[in-house]
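What follows is a short report on a single structure.
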Amino acid sequence: MINVNNLKPGITFQEQGIVFVVISTTTSKQGRGQPNVKAKVKNMFTGAITVKSYTGGDKVKPAFVDKKEMDYLYKAGSEIVLMDSVSYDQIQIPSEKIQWEKNFLIEGMKIKVRSFNDKILDIELPANISMEVIEAAEAVKGNTANNPQKKVIVETGFELDVPMFIKKGAKIIVSSESGKYQGRA
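So the mapping is simple: my numbering equals the position in the sequence shown, first residue as 1, plus 1471.
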């Protein structure tokens, strides 16, 4: 059993047959009582994000989620095709399981597939991904106060804000968790 005081991002646990992964936690303590733990969690079956509240000292059942490294090959209709780089077995995952992650999928990318009891849950991307800018507006002259930003579109079609000096064809690093610009590649 996992004490809720020890929940950290990335930890998986079960509750009523549902597998959750912790996104973030906050702890608050008032007076002499037990602390309250609020965990922002993602339902691994549906992808829904919720906040669960616990009293300090409560315990949750761990979920042993398997992670297998695979290569992203291509998108086939409403599914993506992945290949095991050791056995060359291919699997398909429905796009609705990876709504956010598909903004960062580049052909040939190594990703991890998470499964529980031989049922595929979702995929895990690297934290930072190098992407090419395919469309960038020109910098507006005089717009230089307070950290100016402009919109660009990267090779997957994802749109994000970047500093004004980024131009079309530049390689940038994008966070797969927040979708924000991290720096030049």
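Positions of the beta carbon are idealized from the N, C-alpha and C atoms, including for glycine.
Check, Outcome
"Can you tell me whether DSSP reads Lys1642 as helix, strand or coil?", "strand"
"With H, G and I counted as helix, E and B as strand and the rest as coil, what does DSSP make of Glu1626?", "coil"
"How is the beta strand (DSSP E) around Met1554 delimited, first residue to last?", "1550–1554"
"Just how far apart, CA to CA, sit Val1552 and Tyr1559?", "12 angstroms"
"Could you tell me if Phe1535 is buried or exposed, where buried requires 16 or more neighbouring beta carbons within 10 angstroms of its beta carbon?", "exposed"
"Give a yes or no on contact between the stretch 1478–1486 and the stretch 1533–1548, applying the rule of three or more CB pairs nearer than 8 angstroms.", "yes"
"Report yes or no: do three or more beta-carbon pairs, one from the stretch 1554–1573 and one from the stretch 1600–1612, lie closer than 8 angstroms?", "no"
"Determine the direct distance from the alpha carbon of Asn1476 to that of Lys1568, and round the result to whole angstroms.", "29 angstroms"
"Where do the N-terminal and C-terminal ends of the beta strand (DSSP E) with Tyr1543 fall, by residue?", "1537–1547"
"Helix, strand or coil for Ser1649 per DSSP?", "coil"
"Tyr1545: which of Ala1510, Lys1639, Ile1582 sits nearest, CA to CA?", "Ile1582"
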